[in-house]
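Since the structure comes first, as structure tokens, the remarks are kept for the end.
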Amino acid sequence: MLESLQNVLGRIQDIKNKFYISSYSSQADDFKEIQADNFKEVLNKSIYKNNGFQNTEFDNIIKEKAYKYQIDPKLVKAIIKVESNFNPKAVSPKGAMGLMQLINNTAKEMAVKDTFDPQENIEGGVKYLKYLLKEFNQNIPLTLAAYNAGPKRVKEAQEIPNIKETQDYVRKVLNLYRNAES
103 MLESLQNVLG RIQDIKNKFY ISSYSSQADD FKEIQADNFK EVLNKSIYKN NGFQNTEFDN
163 IIKEKAYKYQ IDPKLVKAII KVESNFNPKA VSPKGAMGLM QLINNTAKEM AVKDTFDPQE
223 NIEGGVKYLK YLLKEFNQNI PLTLAAYNAG PKRVKEAQEI PNIKETQDYV RKVLNLYRNA
283 ES
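Take the sequence shown: its position 77, counted from the start at 1, is 179 in my numbering, and no numbers get skipped.
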């Protein structure tokens, strides 16, 4: 009986390690934070880790283009996750296309000929992101709002526009970006 109980306790510890030790350093203070997590939080972190965000077939392209334009690849990946869920053939109701959901005008401005080609789409999207970061003084929330609603709307509002879709978009991308593992 005691051996079975020890096996169960050992398995519980294995599960705890799998779900949250990898998200934190091994310092004592961090371990206290882990202990304070409830099951729902742990499950949400696990779902995030396993939702396709960590490993995709586009990781090398994302890293290459992000480094080329000096942008954090985790930010690019978070945008792609929210924009297209890593579907290179995605088309929005408004006509945005590919992984980074480029509209025709933006694709042309960024010299993208085939918006469904992952290399070109990510290159164009990251190049556009770099432009927006410069326009909005490296302010990531405003840059994301401009990526979604257009720079003109953000400049007019001088903040994230009062557009529910844009506010939700910024929140989702920032959540993914902030919770992304290195």
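No residue lacks a Cβ here, since even glycine has one placed at the ideal position from N, Cα and C.
As assigned by DSSP and simplified to three states, the class of residue i
| i | result |
| --- | --- |
| L201 | coil |
| V214 | coil |
| N264 | coil |
| T158 | coil |
| N239 | coil |
| D270 | helix |
| A282 | coil |
| L276 | helix |
Residue i - containing alpha helix (DSSP H), residue span
| i | result |
| --- | --- |
| I173 | It is not in any alpha helix (DSSP H) - I173 carries neither H nor E in the DSSP assignment. |
| T245 | I242 to A251 |
| N187 | Looking at the DSSP string, N187 is not in any alpha helix (DSSP H), and its letter there is neither H nor E. |
For residue j and residue i, the rounded distance between their alpha carbons
| i | j | result |
| --- | --- | --- |
| A247 | I164 | 21 Å |
| Q260 | T268 | 14 Å |
| M199 | F218 | 7 Å |
| M202 | I224 | 6 Å |
| I205 | G197 | 6 Å |
| Q221 | E211 | 16 Å |
| I182 | V110 | 40 Å |
| F133 | N207 | Below a pLDDT of 50, predicted positions are generally treated as unreliable, and F133, at 36, falls in that range; no measurement from the model is reported. |
| A282 | E237 | 25 Å |
| Y169 | A180 | 15 Å |
| N250 | Q172 | 21 Å |
| K167 | V178 | 9 Å |
| K232 | G252 | 14 Å |
| K100 | K229 | An answer regarding residue 100 cannot be provided, because it is not within the stretch 103 to 284 covered by the chain. |
| I194 | D161 | Residue identity check: residue 194 is Ser in the sequence provided, not Ile. If I take the Cα positions, the gap works out to 23 Å. |
One or two residues paired with residue i in a DSSP bridge
| i | result |
| --- | --- |
| V193 | M199 |
Contact belief for residue i with residue j at Cβ below 8 Å, rounded distance in angstroms
| i | j | result |
| --- | --- | --- |
| V184 | K254 | Not really, about 21 Å apart at Cβ, beyond 8 Å. |
| P243 | I262 | 6 Å |
| Y279 | K176 | 6 Å |
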